[in-house]
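Protein chains in written order, with the working numbering: chain A, 1 to 549; chain B, 550 to 855.
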Amino acid sequence: MRAAVQALSLLLFTLLFALANYRLPDWLPVDIYLRLDPLLGLSAVLAGRALIARALWGLVLIGATILIGRFFCAYVCPLGAILDFLDPVLFRRTKRRRLEADAKLRNVKYVTLILFSAAALAGTSLVYLLDPISLLTRTYTFGLFPPFVGVVNLLLDTVRPLAEAMRWMTVATMSYRQPVYYMSVITLLIFAGIVALGRLAPRFWCRYLCPLGALLSLFSPLGRLRRTVGPECPACGLCQDACPMGAAEDEGGTRPGECIQCRTCVAACPQDLIAFPASPRLLPAGESSRPDLSRRGFLYSMAGGVGLGFLVEQSPFAPLRDKQQLIRPPGALPEGEFLTTCIRCGECMKSCLTNTLQPSLWEAGLAGLWTPKLELRFAACEQECNVCGKVCPTQAIRSLSLEEKTHAKLGTAVLRKEMCLVWAQDKLCLICDEICPYDAIVFRTIEGYRRPAVVSSRCNGCGYCEQRCPVEGESAIVIAPIGQIRLRTGSYVAEAKKLQLDFKPNPGDDQFILKNEGLRVEPENKDTKGQSAKPPAAPSATKKPKGFL
Amino acid sequence: MSDSHGMTRRDLLRGAAAGLALSVPGLPRPAGAAEPDLAVISGDPAAAARKAVEALGGMSRFVRKGQRVVLKPNMSFASGPDRASNTHPAVVYAVAQMCLEAGAEQVMILDNPLQSAELCLRRAGVSDACKNLKNVYVRMFTDHKFFREIRVPQGKVLDRVEVIKEVLDSPVLISLPQAKSHSATGISMGVKGLMGLIWDRGSFHSKHNINQALADLATVLRPKLTVLDATRALTTGGPGGPGEIIKPNLVIAGTDPIAVDSFGVSVAPWYGQQFKGRQVEHLLAASQRGLGTVDIEQLNILRATA
Numbered sequence: 001m002r003a004a005v006q007a008l009s010l011l012l013f014t015l016l017f018a019l020a021n022y023r024l025p026d027w028l029p030v031d032i033y034l035r036l037d038p039l040l041g042l043s044a045v046l047a048g049r050a051l052i053a054r055a056l057w058g059l060v061l062i063g064a065t066i067l068i069g070r071f072f073c074a075y076v077c078p079l080g081a082i083l084d085f086l087d088p089v090l091f092r093r094t095k096r097r098r099l100e101a102d103a104k105l106r107n108v109k110y111v112t113l114i115l116f117s118a119a120a121l122a123g124t125s126l127v128y129l130l131d132p133i134s135l136l137t138r139t140y141t142f143g144l145f146p147p148f149v150g151v152v153n154l155l156l157d158t159v160r161p162l163a164e165a166m167r168w169m170t171v172a173t174m175s176y177r178q179p180v181y182y183m184s185v186i187t188l189l190i191f192a193g194i195v196a197l198g199r200l201a202p203r204f205w206c207r208y209l210c211p212l213g214a215l216l217s218l219f220s221p222l223g224r225l226r227r228t229v230g231p232e233c234p235a236c237g238l239c240q241d242a243c244p245m246g247a248a249e250d251e252g253g254t255r256p257g258e259c260i261q262c263r264t265c266v267a268a269c270p271q272d273l274i275a276f277p278a279s280p281r282l283l284p285a286g287e288s289s290r291p292d293l294s295r296r297g298f299l300y301s302m303a304g305g306v307g308l309g310f311l312v313e314q315s316p317f318a319p320l321r322d323k324q325q326l327i328r329p330p331g332a333l334p335e336g337e338f339l340t341t342c343i344r345c346g347e348c349m350k351s352c353l354t355n356t357l358q359p360s361l362w363e364a365g366l367a368g369l370w371t372p373k374l375e376l377r378f379a380a381c382e383q384e385c386n387v388c389g390k391v392c393p394t395q396a397i398r399s400l401s402l403e404e405k406t407h408a409k410l411g412t413a414v415l416r417k418e419m420c421l422v423w424a425q426d427k428l429c430l431i432c433d434e435i436c437p438y439d440a441i442v443f444r445t446i447e448g449y450r451r452p453a454v455v456s457s458r459c460n461g462c463g464y465c466e467q468r469c470p471v472e473g474e475s476a477i478v479i480a481p482i483g484q485i486r487l488r489t490g491s492y493v494a495e496a497k498k499l500q501l502d503f504k505p506n507p508g509d510d511q512f513i514l515k516n517e518g519l520r521v522e523p524e525n526k527d528t529k530g531q532s533a534k535p536p537a538a539p540s541a542t543k544k545p546k547g548f549l
Numbered sequence: 550m551s552d553s554h555g556m557t558r559r560d561l562l563r564g565a566a567a568g569l570a571l572s573v574p575g576l577p578r579p580a581g582a583a584e585p586d587l588a589v590i591s592g593d594p595a596a597a598a599r600k601a602v603e604a605l606g607g608m609s610r611f612v613r614k615g616q617r618v619v620l621k622p623n624m625s626f627a628s629g630p631d632r633a634s635n636t637h638p639a640v641v642y643a644v645a646q647m648c649l650e651a652g653a654e655q656v657m658i659l660d661n662p663l664q665s666a667e668l669c670l671r672r673a674g675v676s677d678a679c680k681n682l683k684n685v686y687v688r689m690f691t692d693h694k695f696f697r698e699i700r701v702p703q704g705k706v707l708d709r710v711e712v713i714k715e716v717l718d719s720p721v722l723i724s725l726p727q728a729k730s731h732s733a734t735g736i737s738m739g740v741k742g743l744m745g746l747i748w749d750r751g752s753f754h755s756k757h758n759i760n761q762a763l764a765d766l767a768t769v770l771r772p773k774l775t776v777l778d779a780t781r782a783l784t785t786g787g788p789g790g791p792g793e794i795i796k797p798n799l800v801i802a803g804t805d806p807i808a809v810d811s812f813g814v815s816v817a818p819w820y821g822q823q824f825k826g827r828q829v830e831h832l833l834a835a836s837q838r839g840l841g842t843v844d845i846e847q848l849n850i851l852r853a854t855a
């Protein structure tokens with residue numbers, strides 16, 4: 001029964017992950033697992049010092065835990081499900097003895113919980129490192145999704161010759177865009193490490209490390225479903241060996257915080273003495289709900305977390321944040337808040353239509369690990385897509401309508417004339433103009449040639465020009481964070497209007513250029529250029545648009 | 550598309566046309582009668598496309614039973630027909646339907662998009678329009694594995710080019726361009742539109758003189774039929790728009806891709822100026838390679854309303 005529920009939950013988690021793409025309907029909360037995770041919400045609220053509506057979903061899980069107990073770990077958690085399913089596959093033959101350090105190790109999860117919460121209080125978000133839902137979503141995005149698509153395409157390639165011969169055109173033409181990400185190996189290795197720890201003890205991760213489990217265990221002893229052992233218990237210890245959480249104590253005792261109600265012990269008991277009856281009362285008197293962490297341990301963790309959070313901010317990355325900005329997704333909060341609110345789940349990068357959203361490594365320091373940035377030389381931000389905000393569980397990227405998103409200016413294109421084919425080599429290249437969805441590239445006649453220039457008030461930084469620029473190596477036109485609009489609240493359309501930006505280009509643009517025929521350029525030209533070698537070539541170029549003789 | 554087909558037939562027909570009496574427009578003509586060089590039909594996109602092809606002798610002149618056909622419309626921008634950067638889906642639908650009626654085994658409607666393939670498929674409307682047609686596939690090829698390199702024996706600037714395999718393997722290519730302005734080549738119609746079938750478009754801009762490269766490409770990609778959608782013309786801001794749109798309400802069909810484009814040049818002012826086909830550098834270059842007639846004054850042009 002439990003395995004079926006777990007499998008269903010894992011399937012749902014995987015399905016919602018798969019559905020996170022640009023076609024996502026507004027009503028479907030694909031990030032629901034992340035929203036339900038109270039630890040992510042808590043940390044983002046603490047670190048960002050602002051209430052997040054979607055984080056309130058976490059209260060649902062807290063409430064359910066108070067009502068029922070720590071069932072989440074045994075039935076709902078997709079990482080728990082994966083560890084449970086892999087355990088018999090990987091460690092069936094492994095003889096695992098009870099760890100001597102069990103009691104001490106069990107406290108580690110409280111240390112991580114306190115450490116990360118304290119760091120959040122100090123203004124640094126680190127909880128994503130070990131939060132199971134964030135970690136698993138991230139693993140799915142960077143570690144599993146790309147190889148999955150790769151394998152599917154490989155299979156399709158294998159059957160393609162046959163399909164072509166049989167004229168099964170649907171199969172013959174089928175191929176999926178291969179997603180690629182930075183940091184996919186490291187993300188997968190961390191996940192592999194967590195699985196490998198299962199060699200030491202079943203659910204090693206859940207027992208000893210998981211900060212979400214630690215948080216839930218603070219409430220679970222209040223749950224009404226509690227493990228009871230009959231008074232006839234001969235203390236055979238079989239349930240203790242079977243319990244994947246180390247929750248069964250000697251002589252029929254139970255550690256209420258550790259028990260995840262998986263009922264493995266019920267099956268293990270030879271005398272059927274174990275039951276999980278619904279108790280009408282709160283915690284029976286005398287039973288403790290507190291973790292074993294000592295006051296000293298608590299204080300050390302607290303101090304460590306605050307210190308760590310504080311120290312992370314004491315680096316040049318912090319003061320440089322306003323100057324060396326990365327190109328963040330449209331609708332991303334102002335950089336400081338963005339870093340504290342983003343939980344690095346990778347959902348935005350998974351759903352990104354063009355794959356331009358990539359995890360940062362060290363570009364924003366320790367505070368920016370795995371945060372999304374745009375890799376515009378690789379792919380552009382599609383103006384008809386606004387999925388990254390829709391799937392963001394903490395709204396570090398605000399969910400915006402397409403109209404609003406269009407006005408969330410990412411930056412401004414900067415033309416590097418020394419590299420531009422037209423400026424530097426007088427070639428006939430107009431790709432940036434051709435591709436620009438906002439008509440922000442105009443041509444001006446300079447030195448007898450029509451040369452591209454950027455109208456910054458029309459450029460919203462989508463990066464199509466940077467991606468498509470045919471110059472080898474770095475692009476001759478790059479998006480700099482100049483003029484980016486990052487709002488915590490309020491309308492981007494209104495802000496853009498205030499700044500006199502116009503992302504709905506004027507259709508008469510090219511005509512305007514033709515009519516003016518570089519009027520202002522001519523006199524300057526003659527001043528700076530003493531020779532008149534070039535001008536003869538100019539008339540035809542100035543009178544007629546490109547491509548005509 | 551191996552090199553010479555299309556041309557010989559067209560020359561033959563033109564020779565025949567000179568000796569034969571003019572046929573009555575609009576009436577079904579007997580087989581072997583002289584077809585006009587160009588059919589210029591005004592009216593609703595679907596009806597005009599149909600009538601234009603019929604005026605040339607019907608689709609069975611180009612597509613035989615059991616053949617595989619590739620249609621190349623413009624659908625590489627994620628925008629609808631109102632933007633005039635893509636071929637009207639009704640034109641594509643009408644032509645695909647005629648191919649099926651002529652007995653085509655399968656019709657592949659292809660492009661290599663400039664924006665996200667998924668979005669282009671959705672917004673261009675071709676996928677939707679053709680979803681009820683059996684054996685018609687609307688596909689975007691963005692993966693290198695779907696391309697194959699061929700030599701360009703008559704190329705002046707282009708030695709080799711990688712083309713969508715399906716195009717190379719199908720006996721019939723029909724070009725369905727949208728009439729629009731183009732910031733690098735002046736206009737983009739049939740000849741320029743075929744650039745959507747190749748892998749490395751960037752090099753046309755960065756490495757080669759694009760107008761010469763287009764003429765080179767036209768020597769190896771030889772559509773049997775070109776149906777130019779000038780129901781709307783994007784006269785500025787092309788190829789992607791947005792820009793000024795006028796509505797000539799015309800569909801122009803012919804077997805000579807240069808002549809079709811050349812006529813297309815004449816139907817609208819481009820960037821506010823009237824041009825002739827000969828003034829478009831890539832059309833002139835292509836005609837100089839013997840690929841078609843750029844001066845259309847002498848051609849037999851049938852005009853009608855659908």
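Where is the CB? At the ideal position from N, CA and C, for every residue including glycine.
Could you name the residues of chain B that Lys-373 of chain A contacts, counting a contact when the two beta carbons are closer than 7 Å?
Neighbours of Lys-373 of chain A on chain B: none; closest Cβ ~19 Å, over 7 Å.
Would you decide whether Asn-681 of chain B is buried or exposed? Buried here means 16 or more other CB atoms lie within 10 Å of its CB.
Burial call: exposed.
Should Lys-719 of chain B and Leu-783 of chain B be called a contact, given that it needs their Cβ atoms to be closer than 7 Å?
In the sequence on display, residue 719 of chain B carries Ser and not Lys. Not closer than 7 Å, so no.
With respect to the alpha helix (DSSP H) encompassing Gln-467 of chain A, which residues constitute its N-terminal and C-terminal limits?
Residues 464-468.
Return the chain-ordered list of same chain residues with a C-beta closer than 8 Å to the C-beta of Leu-46 of chain A, the five sequence neighbours on each side being excluded.
The answer, listed in chain order, is Ser-117, Ala-120 and Leu-121.
According to a CB-to-CB cut-off of less than 8 Å, which residues of the region 826-838 of chain B neighbour chain A?
Residues Arg-827, Gln-828, Val-829, Glu-830, His-831 and Leu-833.
Taking Leu-851 of chain B as part of the beta strand (DSSP E), name the residues at either end of that continuous run.
Leu-851 of chain B -> beta strand (DSSP E) spans 850-854.
Once the 5 residues before and after Gln-178 of chain A are set aside, which same chain residues still bring their CB inside 8 Å of it?
Only Pro-146, Val-149, Gly-150 and Asn-153 meet the Cβ criterion.
Assign Gln-240 of chain A to one of three DSSP states: helix, strand, or coil.
If DSSP states are grouped into helix, strand and coil, Gln-240 of chain A belongs with the helices.
Helix, strand or coil, according to DSSP, for Gly-803 of chain B in the structure here?
Three-state DSSP puts Gly-803 of chain B in a strand.
For the putative contact between Leu-209 of chain A and Leu-135 of chain A, defined by C-beta atoms under 8 Å, what is the C-beta separation to the nearest angstrom?
Leu-209 of chain A to Leu-135 of chain A, Cβ: 11 Å. No contact.
Secondary structure at Lys-373 of chain A, three-state DSSP: helix, strand or coil?
Here Lys-373 of chain A sits in strand by DSSP.
Checking the sheet assignment: what are the DSSP bridge partners for Asp-660 of chain B?
Asp-660 of chain B pairs with B:Met-689.
Could you name the residues that DSSP lists as bridge partners for Arg-617 of chain B?
Paired residues: B:Gln-655.
Please check the pair Met-624 of chain B and Ala-673 of chain B, which I expect to be a contact at CB under 8 Å, by giving their CB distance rounded to whole angstroms.
Rounded, the Cβ-Cβ distance is 4 Å, consistent with contact.
Taking its Cβ as the centre, do 16 or more other Cβ atoms sit within 10 Å of Thr-528 of chain A, making it buried, or is it exposed?
In this prediction, Thr-528 of chain A has a pLDDT of 38, which is less than 50 and means its spatial position is unreliable; what the coordinates show is noted afterwards. Classification for Thr-528 of chain A: exposed.
Taking its Cβ as the centre, do 16 or more other Cβ atoms sit within 10 Å of Leu-15 of chain A, making it buried, or is it exposed?
Its Cβ having fewer than 16 others within 10 Å, Leu-15 of chain A is exposed.
On the DSSP letters alone, give me the boundaries of the alpha helix (DSSP H) that His-831 of chain B sits inside.
Looking at the DSSP string, the run of the alpha helix (DSSP H) that includes His-831 of chain B is 830-837.
What does the Cβ neighbour count give for Gly-518 of chain A, buried or exposed, with the cut at 16 atoms within 10 Å?
Its pLDDT being 26, under 50, Gly-518 of chain A is placed unreliably by the model, and nothing is read from it.
Identify the contact partners of Lys-427 of chain A in chain B, using a Cβ-Cβ distance below 8 Å as the criterion.
His-754 and Ser-755, listed in chain order.
Contact between the region 262-276 of chain A and the region 103-117 of chain A is defined here as three or more beta-carbon pairs at a separation below 8 Å; is this criterion met?
No, the region 262-276 of chain A does not touch the region 103-117 of chain A.
Specify the secondary structure class of Gln-847 of chain B as computed by DSSP and reduced to three states.
Note: Gln-847 of chain B maps to helix in three-state DSSP.
According to DSSP, Asp-856 of chain B sits in a beta bridge with which residue or residues?
Chain B is shown only over 550 to 855; residue 856 of chain B falls outside these bounds and no answer can be derived.
Quick one: what's Trp-27 of chain A bridged to in DSSP?
Looking at the DSSP assignment, Trp-27 of chain A forms no beta bridge with any residue, so it has no partner.
What is the DSSP secondary structure of Ala-440 of chain A, counted as helix, strand or coil?
Reduced to three states, the DSSP call for Ala-440 of chain A is coil.
Does chain A have any CB closer than 7 Å to the CB of Asp-765 of chain B?
Asp-765 of chain B does not count as touching chain A.
Note down, in chain order, each residue of its chain lying with its Cβ closer than 8 Å to the Cβ of Thr-354 of chain A, except the 5 sequence neighbours on either side.
Excluding positions up to five away in sequence, the list reads Ala-379, Ala-380, Cys-381, Glu-382 and Cys-385.
Using a beta-carbon distance cut-off of less than 7 Å, what residues from the region 357-385 of chain A approach chain B?
So the list reads Glu-382 and Glu-384, given in the order they occur along the chain.
Using 7 Å as the limit for Cβ to Cβ distance, is Asp-502 of chain A near chain B?
No, because no Cβ of chain B sits closer than 7 Å to the Cβ of Asp-502 of chain A.
Relative to the C-alpha of Phe-626 of chain B, which residue among B:Ala-817, B:Glu-603, B:Gln-761 and B:Leu-670 is closest?
Out of B:Ala-817, B:Glu-603, B:Gln-761 and B:Leu-670, B:Leu-670 has the C-alpha closest to the C-alpha of Phe-626 of chain B.
Hey, is Ser-665 of chain B's beta-carbon within less than 7 Å of any beta-carbon in chain A?
So, interface residue.
Please return the same chain residues whose Cβ sits closer than 7 Å to the Cβ of Cys-239 of chain A, not counting the five positions on each side in sequence.
Cβ neighbours of Cys-239 of chain A beyond the five flanking positions: Ala-248, Cys-265, Ala-268, Cys-269 and Ile-274.
Does DSSP put Ala-597 of chain B in a helix, in a strand, or in coil?
DSSP places Ala-597 of chain B in helix when its eight states are reduced to three.
Between the C-alpha atoms of Val-414 of chain A and Ser-457 of chain A, what's the straight-line distance to the nearest angstrom?
Whole-angstrom Cα-Cα distance: 12 Å.
Measure the C-alpha to C-alpha separation of Ala-596 of chain B and Ala-855 of chain B and round it to an integer number of angstroms.
About 6 Å.
What do you reckon, are the CB atoms on Phe-72 of chain A and Gly-198 of chain A nearer than 7 Å?
No, the Cβ-Cβ distance between Phe-72 of chain A and Gly-198 of chain A is not below 7 Å.
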